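Below: the structure, in structure tokens.
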Amino acid sequence: MGEAGCDVRDIEEAANILVNARHAIAFTGAGISTESGIPDFRGPQGLWKQYSPEIATIDYFLQHPKEFWLFYRMRMSTLFTAKPNRAHRALAELESMGVIKAVITQNVDGLHQAAGSKNVIELHGTMRRAVCIACGRAYPMDVVTRKIDSGQVPPLCDECGGVLKPDTVLFGEPVKDFDRARELAMISDAVLVVGSSLTVYPAAYIPLFVKEMGGKVIIINMEPTELDYIADVNIRCKAGDAMEKLLEKIIEMRKQGTTVTQ
Ligand code: NAD
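The letter at position 187 of the sequence shown is residue 184 when you use this note's numbering, and the numbering goes up by one with no holes.
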């Protein structure tokens, strides 16, 4: 599974849904960034094949901040060199065309914004920043990596000496901006899910909310997901290929002004 080309009928059906939607949103997961060289958690090359998910829990961070930061420092080396790929760029283009109104992401890599997406909700925070767990002061991640590389592990706050934590949501912590994301989902009549296993809650409720309100669900993933059964269209191929073809089809449909509704 995985390397097969995208099914043309699935792409057409998805394009048709998006072109005819009044308010469509995207929901993205780690799989949209694997083609940028950032490993996902649960995909075939995922991080959980090498590490235990316990390392990304708030309890582990509080009990073993040094080991946590050594793991995180390794993850950040891919993050800082990663560039947005075709899928991020196509989504940004769909937003600028008015086809997609917002991107709700589980990702912490900042690649949607780097590709030009403007309306982005980061449910799991961002790796581009760290905050002091004692006083809340924020630090850009390059300042934090310099502290680690000069031997300060875990990195500490200049202000109060507290331990710094990435501004990401670890397992066991509440997600950010969930109310805003839920409101957007409730008013949406279509959601384009790209590269999420749809196993991490509450984030995975977003496509369920859209479905519950009578909207359409499109899922792009190389592998089956937990919520394939709610999808109106399952596009089983790589995010870069699928998004590029979807964008081309939508541009073509808009030029012809002929949209097929069902
Ligand atoms: P996940 O790791 O659970 O699932 C990723 C999914 O993407 C899998 O179903 C896999 O089959 C699919 N996939 C991988 N590469 C793909 C490709 N090229 N094209 C299409 N599909 C592809 O990821 P998740 O659902 O986002 O949830 C995991 C958690 O991991 C999230 O909380 C997220 O915050 C975090 N995470 C984020 C990043 C990042 O910011 N880039 C990276 C790793 C993990």
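We put the beta carbon where it would ideally sit given N, CA and C, even for glycine.
All figures in this text were calculated on a predicted structure; none of them were measured in a lab.
A Cβ-Cβ distance of about 13 Å is found for the pair residue 192 and residue 231, leaving them out of contact under the 8 Å criterion. Shown here, residue 126 sits in a strand according to DSSP, grouped into three states. When the five nearest sequence neighbours on each side are left out, the beta carbons in the same chain lying within less than 7 Å of the beta carbon of residue 236 are those of 28, 29, 32, 84, 191, 192 and 217, in order along the chain.
Judged by DSSP secondary structure, residue 117 falls within the beta strand (DSSP E) whose first and last residues are 117 to 119.
Per DSSP, residue 57 is one residue of the alpha helix (DSSP H) stretching across 55 to 60.
For residue 169, the number of other beta carbons within 10 angstroms of its own is below 16, and it is reported as exposed. Cβ contact annotation for residue 152 (same chain, cutoff 6 Å, sequence separation greater than five): 141, 144, 145 and 161, in chain order. The residue among 254, 253, 247 and 252 with its C-alpha nearest the C-alpha of residue 92 is 247.
In this structure, residue 194 keeps its C-beta atom at 8 Å or more from the C-beta atom of residue 165. Nearest Cα to residue 2 within the set 240, 253, 175 and 40: 240.
When the alpha-carbon of residue 224 is set against those of 253, 212 and 196, the nearest one is in 196. With a threshold of 7 Å, the Cβ atom of residue 104 counts as near the ligand NAD, since some heavy atom of the ligand is closer than that. If you look at residue 238, you'll find it in the alpha helix (DSSP H) that goes 236 to 253.
Bridge partners of residue 162 according to DSSP: 128. Spanning the alpha carbons of residue 149 and residue 63 requires a straight line of approximately 9 Å. Here the alpha carbon of residue 132 sits roughly 38 Å from the alpha carbon of residue 188.
Taking one beta carbon from each stretch, the stretch 76 to 83 and the stretch 96 to 110 have 3 or more pairs nearer than 8 Å; the two touch. Rounded to the nearest angstrom, the Cβ distance from residue 172 to residue 199 is 6 Å, consistent with a contact under 8 Å. In terms of Cβ geometry, residue 118 and residue 97 do not form a close pair [threshold 8 Å]. Counting only runs that start and end inside the stretch 19 to 76, the alpha helix (DSSP H) elements of at least 4 residues fall at 55 to 60. Taking 8 Å as the cut-off, the Cβ atoms of residue 186 and residue 11 do not count as close.
If you draw a 10 Å sphere on the C-beta of residue 120, you find 16 or more other C-beta atoms in it, and that means buried. Nearest in C-alpha terms to residue 21, of all of 70, 61, 88 and 34, is 88.
Secondary structure of residue 171 (DSSP, three-state): coil. Secondary structure of residue 108 (DSSP, three-state): helix. Counting every other CB atom within 10 Å of its CB across the protein chains shown gives residue 125 a total of 16 or more, marking it as buried. In this structure, 159 is the residue among 123, 95, 159 and 122 with its C-alpha nearest to the C-alpha of residue 129.
The C-beta distance from residue 68 to residue 52 rounds to 5 Å, short enough to meet the 8 Å contact threshold.
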